[in-house]
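Presented below is the structure to which this report refers.
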Amino acid sequence: MVEVKIIFFVLGMFFGVNYCHIGSELVTVSIDPQTKTMVIQQENLCTILKSKNDSLNLKNEIDTIINNIWSPLLKKYKSKHIEFQTDKNNLLNATITLEYNTSKDLEDFGLDLNSDGEYSLINIPNWNIQSNDGKLTGNYWNFEVHKRFTFTMRGIKIPSKTSDLKIESITDLWNEHKKR
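Structure (structure tokens):
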């Protein structure tokens, strides 16, 4: 089993932020082994803030992302690109496109080749992974190595109405920061 160093639904991890405050409600990951391209679509970028210190850290995280200071873990990738969009509901989304060199590069995301020669991703229940292209066998999702495959994750669970935590969209703060 490989160590997961970058979690698909935590935006800051792509930019080397250690204590991330920005996550996405839904992530769609598509990997094309033929073109060695991975596209990560993060929908509804949001945050949970508990203190004023969290707000300051969030602003620093946004600065790092806006300045495209990529994580050193991604240095080995041929190309890295991120694009932000606001949807019709004024929710901020991100599309990250990475071009990798070998399947070994995907190990930082917890994807490796199993003994049957298939891509394998651990099934962490809180990640709510779904796929029509893969097969869940035991604790692992397995995908054919020569075919394009897609899976979704719901990493951030919306707290119940009785919770003190509140998830907030970062769209307004993001737009304010981009104006600087």
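Per the UniProt record's numbering, the sequence shown starts with residue 1, numbered consecutively.
The beta carbon of each residue, even a glycine, is placed where N, CA and C say it ideally should be.
Report the residue from the options whose alpha carbon sits nearest the alpha carbon of residue i.
{"i": "Glu144", "options": "Phe9, Ser169, Asp116", "result": "Asp116"}
{"i": "Asn93", "options": "Ile6, Asn114, Trp70, Ser24", "result": "Ser24"}
{"i": "Ile40", "options": "Ile96, Asn142, Ile6", "result": "Ile96"}
{"i": "Ser120", "options": "Trp127, Leu173, Asp112", "result": "Asp112"}
{"i": "Ser79", "options": "Leu56, Met38, Leu49, Pro33", "result": "Met38"}
{"i": "Leu73", "options": "Leu98, Glu168, Leu49", "result": "Leu98"}
{"i": "Asn142", "options": "Leu173, Asn126, Gly110", "result": "Gly110"}
{"i": "Pro33", "options": "Glu3, Lys76, Val17, Asn101", "result": "Asn101"}
{"i": "Ser71", "options": "Val17, Leu56, Leu91, Ile122", "result": "Val17"}
Excluding the 5 residues flanking residue i on each side, which residues of the same chain have their C-beta closer than 8 Å to its C-beta?
{"i": "Ile22", "result": "Val10, Leu11, Gly12, Leu45, Cys46, Thr47, Leu58, Glu61, Ile62, Ile65, Ile170"}
{"i": "Glu168", "result": "Cys46, Thr47, Ile48, Leu49"}
{"i": "Thr35", "result": "Glu99"}
{"i": "Leu106", "result": "Ile31, Met38, Tyr100, Asp112, Tyr119"}
{"i": "Ser131", "result": "Trp141, Phe143, Phe149, Thr150, Phe151, Thr152"}
Where residue i and residue j are concerned, what is the direct C-alpha to C-alpha distance, given to the nearest angstrom?
{"i": "Asp54", "j": "Tyr19", "result": "10 Å"}
{"i": "Ser103", "j": "Lys135", "result": "19 Å"}
{"i": "Lys179", "j": "Ile82", "result": "18 Å"}
{"i": "Leu26", "j": "Asn89", "result": "15 Å"}
{"i": "Asn68", "j": "Phe15", "result": "7 Å"}
{"i": "Thr162", "j": "Met153", "result": "At Thr162, the pLDDT of 49 sits below 50, so the modelled position is not reliable; the number obtained from the coordinates is stated separately. In a straight line, the C-alpha of Thr162 is about 24 Å away from that of Met153."}
{"i": "Phe151", "j": "Ser51", "result": "34 Å"}
{"i": "Asn139", "j": "Gln85", "result": "34 Å"}
{"i": "Asp87", "j": "Glu43", "result": "9 Å"}
{"i": "Thr137", "j": "His177", "result": "44 Å"}
{"i": "Asp172", "j": "Lys5", "result": "29 Å"}
{"i": "Thr28", "j": "Ile7", "result": "12 Å"}
With DSSP as the reference, please indicate the residues paired to residue i in a beta bridge.
{"i": "Thr97", "result": "Val39, His81"}
{"i": "Gly23", "result": "Val10, Cys46"}
{"i": "Phe143", "result": "Tyr119"}
{"i": "Glu168", "result": "Thr47"}
{"i": "Ser30", "result": "Val39, Thr150"}
{"i": "Thr86", "result": "Leu92"}
{"i": "Leu173", "result": "In DSSP, Leu173 forms no bridge with anything."}
{"i": "Asp112", "result": "Ser120"}
Could you have a look at residue i and say whether DSSP puts it in helix, strand or coil?
{"i": "Trp70", "result": "coil"}
{"i": "Thr162", "result": "A caution first: Thr162 carries a pLDDT of 49, below 50, which makes its placement in the model unreliable, though a value can still be read off. Of the three classes helix, strand and coil, the one that applies to Thr162 here is coil, per DSSP."}
{"i": "Asp105", "result": "helix"}
{"i": "Lys135", "result": "strand"}
{"i": "Asp54", "result": "helix"}
Skipping 5 residues on each side, what residues in its chain have a beta carbon closer than 7 Å to that of residue i?
{"i": "Tyr77", "result": "Leu98, Glu99, Tyr100, Asp105"}
{"i": "Asn128", "result": "Met153, Arg154"}
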